[in-house]
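Data block below; observations after.
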Amino acid sequence: MNRVYLDHNATTPLRPEVRELWLSELDALGGNPSAVHASGRRARAAIDEARERVAAVLEVREEEVVFTSGGTESNNLAIVGSLAQSEPPAGMLTTPLEHPSVLETARSLEEVGYRLVFAEVDGEGRVDADAVAKLAGRERVELVSVMAANNEIGVVSPLAELGEGLARLGAKRPRFHVDAVQLLGRLPFHPAEWQADLVSLSAHKVGGPLGVGVLLARGNTPLAPVLTGGGQEYGLRSGTENAPAIAAAALAVELAVSERASYEEAVGQLTRELWSAIESDFPRARLLGPPIDARDRLPNTLNVLFPGVEGRALVARLDIAGLEASAGSACASGSLEASHVLLALGLDEASARAGLRLSLGRNTCSQDVHNAVDILRKNIPSRPARR
Ligand code: PLP
119 MNRVYLDHNA TTPLRPEVRE LWLSELDALG GNPSAVHASG RRARAAIDEA
169 RERVAAVLEV REEEVVFTSG GTESNNLAIV GSLAQSEPPA GMLTTPLEHP
219 SVLETARSLE EVGYRLVFAE VDGEGRVDAD AVAKLAGRER VELVSVMAAN
269 NEIGVVSPLA ELGEGLARLG AKRPRFHVDA VQLLGRLPFH PAEWQADLVS
319 LSAHKVGGPL GVGVLLARGN TPLAPVLTGG GQEYGLRSGT ENAPAIAAAA
369 LAVELAVSER ASYEEAVGQL TRELWSAIES DFPRARLLGP PIDARDRLPN
419 TLNVLFPGVE GRALVARLDI AGLEASAGSA CASGSLEASH VLLALGLDEA
469 SARAGLRLSL GRNTCSQDVH NAVDILRKNI PSRPARR
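Sequential numbering of the sequence shown, starting at 119, is according to my numbering.
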C-alpha cells in the first residue's frame with residue numbers, strides 16, 4: 119500500500135509544473151538582481167514579472183507585493199514593522215489561536231513595553247467580529263492581527279465582518295493584519311473585502327517552494343523594515359532576492375487561486391468522506407472546531423480527539439503504518455507541550471495533547487482516504503482501555 123500523506127497544512131508537495139519552472143530558472147537566472155549587467159537584469163525582470171503576476175491574481179497593485187522568506191517572516195514584518203512606528207505603550211490585539219510567528223512576535227514586543235490584548239474565542243475557535251472591534255476601540259490598539267484560517271483546527275475567521283467592525287472605529291481604526299497562509303487556494307481570497315492593510319502568505323502551503331512568502335502591504339501601509347541592508351523590496355526586506363524561487367512561487371500562487379473552486383469542491387468532498395468514515399468507526403471520536411458542514415471551516419482540515427489516545431504517540435504509530443499526519447501544529451512538534459490552540463478552545467491539558475490533525479491536499483484521492491481509514495482502524499482501539 120502506498121504511503122498516505124495527510125499533512126498538507128504543514129507543507130504541500132511541490133507541484134510538478136512549479137518544479138519545472140524553478141529548475142529552468144535556476145539555470146537561467148544566475149545574476150544578482152541588483153546588478154546592472156545582463157545577468158542581473160534578467161533576474162530583476164523575472165522578479166518584476168513574478169510581482170506583476172502575484173499582484174494580478176491577488177487583486178492588489180504591484181507596489182503592494184513584498185517578497186519575503188515565508189509566512190513567518192511576513193508575520194514578523196507586519197507586526198514588528200507596524201508597532202515599531204510607535205513608541206510603547208502602543209499596542210496590538212490578536213487571538214489566542216494565532217500561529218507562533220504571530221504570538222511569539224507579539225510577546226517579544228510585550229516584553230519591551232508594548233501592550234498585548236487578546237480577543238476571546240468560543241469552544242469552536244470562533245472570534246466575534248463585534249467584540250474584536252469594541253475591544254480594539256476601548257484599548258486603542260494600533261494593530262489588529264487575526265488569522266484567516268487556523269492551521270490546527272481549520273476554523274475560518276469572519277474577515278469581512280472584522281474589517282467592517284474596525285472601519286466603524288473611524289479615526290481610531292487600527293491597521294488590520296491577516297495571516298492568510300492557510301486560506302490561500304482553499305477559500306475565496308479578497309483582501310479588499312476584508313479591508314485588510316497587511317496580508318501574509320507562504321508559497322510552500324500551495325505547492326510552491328519552501329522559503330518564499332509574500333506580505334501584501336495594501337495602500338502601501340508604512341512599515342519599519344525588520345531586515346535592513348541593501349534596501350531590496352522597497353526597502354522593507356533587504357537581502358539578495360532568490361529570483362528562481364520567487365518565479366516558482368508566483369506560478370504556485372497563480373495556480374492555487376485559479377484552481378481554488380475545484381480544490382474546494384473536490385478536497386471538501388474527500389474531507390467529509392474521511393470524517394464520516396471516522397465517525398462511524400469511532401463513535402466516541404470528536405471533531406474539533408466548527409461542525410463538518412459549517413461554512414467557516416477549511417475544506418481540507420480535520421482535527422480529531424480519540425478519547426484516551428495520546429496524539430503524538432498515535433502520530434508515530436500511524437507513521438510506521440504508512441499514514442503521515444500530525445498532532446497539533448508541525449511547527450511545534452518535537453516539543454511535548456499541549457497545543458495552545460486546543461487549550462484556547464477550553465480543552466484540558468490531556469485532551470490538548472490528544473488531537474490528531476489530518477489535512478488533505480489537491481493530490482489526495484479516494485484511495486488515500488480509504489487507506490487512511492484502514493490504518494486508523496488498525497491503530498486506534500475503538501474502546502481504549504481505562505487507565
Ligand atoms: N501562519 C500560519 C497560519 C501557518 O500555518 C504557518 C505555517 O505552518 C505560518 C504562518 C508560517 O509559515 P512559514 O512556514 O512559511 O514560515
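Idealized CB from N, CA, C, for every residue including glycine.
| task | Confirm the yes/no value for this check: CB of serine 380, any heavy atom of ligand 1, distance under 7 angstroms. | result | By 1-based counting over the sequence shown, the position of residue 380 is 262. Serine 380 Cβ: outside cutoff for every heavy atom of ligand 1.
| task | Find out if the Cβ-Cβ distance for the pair glutamine 313, glycine 288 is shorter than 8 angstroms. | result | Numbered from its first residue, the sequence shown carries residue 313 at position 195. Numbered from its first residue, the sequence shown carries residue 288 at position 170. In this structure, glycine 288 does not lie closer than 8 angstroms to glutamine 313 by Cβ.
| query | What are the partner residues of histidine 295, as DSSP defines its beta bridges? | reply | For the purposes of this step, residue 295 is identified with residue 177 of the sequence shown, where counting begins at 1. In the DSSP output, where bridge partners are listed per residue, histidine 295 has Ser263 and Leu316.
| said: Counting beta carbon pairs with one atom in the region 119-130 and one in the region 470-480, are three or more of them shorter than 8 angstroms? | reply: yes
| Separation of proline 417 from glutamate 383, as counted between CA atoms | By one-based count along the sequence shown, residue 383 stands at place 265. By one-based count along the sequence shown, residue 417 stands at place 299. Spanning the two alpha carbons is a distance of roughly 8 angstroms.
| query | Is asparagine 120 near ligand 1, going by C-beta to nearest heavy atom under 7 angstroms? | reply | Reading the sequence shown from its first residue, position 2 is the one you call residue 120. No.
| message | Following a CB-centred definition, is methionine 265 positioned closer than 7 angstroms to any heavy atom of ligand 1? | response | Here the question's residue 265 lines up with position 147 in the sequence shown. Yes, Cβ of methionine 265 sits closer than 7 angstroms to a heavy atom of ligand 1.
| Inter-residue spacing [alpha-carbon to alpha-carbon] between glutamate 377 and glycine 231 | As a working mapping, residue 377 is identified with position 259 in the sequence shown. As a working mapping, residue 231 is identified with position 113 in the sequence shown. Cα to Cα, the separation comes out at about 44 angstroms.
| From arginine 233 to glycine 189, what does the alpha carbon distance come to, in whole angstroms? | For the purposes of this step, residue 233 is taken as the residue at position 115 of the sequence shown. For the purposes of this step, residue 189 is taken as the residue at position 71 of the sequence shown. Answer to the nearest angstrom: the Cα atoms are 23 angstroms apart.
| message | I need the straight-line Cα distance from proline 206 to arginine 293, nearest angstrom please. | response | Position 88 of the sequence shown, counted from the first residue, corresponds to residue 206. Position 175 of the sequence shown, counted from the first residue, corresponds to residue 293. Those two C-alpha atoms are separated by around 16 angstroms.
| query | Does the beta carbon of glycine 331 fall short of 7 angstroms from some heavy atom of ligand 1? | reply | By one-based count along the sequence shown, residue 331 stands at place 213. For ligand 1, at least one heavy atom lies less than 7 angstroms from the Cβ of glycine 331.
| Cβ-Cβ distance between glycine 199 and leucine 341 below 8 angstroms | Counted from its first residue, the sequence shown places residue 199 at position 81. Counted from its first residue, the sequence shown places residue 341 at position 223. Yes, they are a contact pair.
| Hey, how far is the Cα of glutamate 216 from the Cα of valine 154? | Within the sequence shown, numbered from 1, the residue matching residue 216 stands at position 98. Within the sequence shown, numbered from 1, the residue matching residue 154 stands at position 36. Spanning the two alpha carbons is a distance of roughly 42 angstroms.
| Cβ of valine 509 within 8 angstroms of Cβ of valine 259? | Absent from the structure is residue 509, since the part of the chain shown begins at 119 and ends at 505.
| Using a Cβ-Cβ cut-off of 7 angstroms (strictly less than) and excluding sequence neighbours within five positions of alanine 251, which residues of its own chain qualify? | Here residue 251 refers to the residue found at position 133 of the sequence shown. Result list for alanine 251: Gly283, Leu284, Arg286 and Leu287, in chain order.
| request: Give the secondary structure of alanine 153 by DSSP, where H, G and I count as helix, E and B as strand, and everything else as coil. | output: As a position in the sequence shown, residue 153 is number 35, starting the count at 1. Coil, per DSSP.
| said: Can you tell me where the beta strand (DSSP E) holding glycine 331 begins and where it ends? | reply: Within the sequence shown, numbered from 1, the residue matching residue 331 stands at position 213. Element bounds for glycine 331: 331-335.
| field | Identified DSSP bridge partners for phenylalanine 185 | value | Along the sequence shown, read from residue 1 onward, the residue named residue 185 stands at position 67. In the DSSP output, where bridge partners are listed per residue, phenylalanine 185 has Val332.
| query | With 16 as the cutoff for other CB atoms within 10 Å, does histidine 322 come out buried or exposed? | reply | On the sequence shown, position 204 is the one that residue 322 refers to. By the 10 Å Cβ count, histidine 322 comes out buried.
| message | Extract the residue ranges of the alpha helix (DSSP H) inside the region 419-496, only unbroken runs of 4 or more that lie entirely within it. | response | 429-439, 458-462 and 467-470
| Can threonine 190 be considered in contact with ligand 1, in the sense that its beta carbon sits closer than 7 angstroms to one or more heavy atoms? | For the purposes of this step, residue 190 is identified with residue 72 of the sequence shown, where counting begins at 1. Checking the Cβ of threonine 190 against ligand 1 gives yes.
| message | If you follow the beta strand (DSSP E) that leucine 234 is in, where does it begin and where does it stop? | response | Here residue 234 corresponds to residue number 116 of the sequence shown, with the count starting at 1. Residues 233-236.
| said: So, with DSSP's three-state summary, where would you put threonine 339? | reply: As a working note, residue 339 is residue 221 in the sequence shown. Here threonine 339 sits in coil by DSSP.
| query | How should histidine 308 be labelled, buried or exposed, when 16 other C-beta atoms within 10 angstroms of its C-beta is the threshold for buried? | reply | Position 190 of the sequence shown, counting from 1, holds the residue named residue 308. That one is exposed.
| said: Give the list of continuous alpha helix (DSSP H) stretches no shorter than 4 residues that lie fully inside the region 128-180. | reply: 134-146 and 156-176
| task | Sort out for me which residues DSSP pairs glycine 119 with in a bridge. | result | Looking up residue 119 in the sequence shown gives position 1. According to the sequence shown, residue 119 is methionine rather than glycine. Bridge partners of methionine 119: none, in fact.
| So, is aspartate 166 buried or exposed, given that buried needs 16 or more other C-beta atoms within 10 angstroms? | Translated into positions along the sequence shown, residue 166 becomes position 48. By the 10 Å Cβ count, aspartate 166 comes out exposed.
| query | Pick from Pro214, Asn360 and Ala366: whose alpha carbon is nearest that of alanine 462? | reply | Stepping through the sequence shown from its first residue, residue 462 is reached at position 344. When each option's Cα is compared against that of alanine 462, the closest is Pro214.
| Expressed to the nearest angstrom, what Euclidean distance is found between the alpha-carbon atoms of alanine 168 and alanine 174? | In the sequence shown, the residue the question calls residue 168 occupies position 50. In the sequence shown, the residue the question calls residue 174 occupies position 56. C-alpha separation (whole angstroms): 10 angstroms.
| task | Determine the direct distance from the alpha carbon of aspartate 411 to that of glutamine 387, and round the result to whole angstroms. | result | Stepping through the sequence shown from its first residue, residue 387 is reached at position 269. Stepping through the sequence shown from its first residue, residue 411 is reached at position 293. Going by the C-alpha atoms only, they are around 10 angstroms apart.
| query | Do the CB positions of alanine 266 and leucine 301 come within less than 8 angstroms of each other? | reply | Counting from one through the sequence shown, the residue named residue 266 turns up at place 148. Counting from one through the sequence shown, the residue named residue 301 turns up at place 183. Going by C-beta atoms, alanine 266 is nearer than 8 angstroms to leucine 301.
| said: On the CB-based measure, 16 or more other CB atoms within 10 Å of its CB, does isoleucine 197 come out buried or exposed? | reply: Translated into positions along the sequence shown, residue 197 becomes position 79. By the neighbour-count rule (16 or more Cβ atoms within 10 Å), isoleucine 197 is buried.
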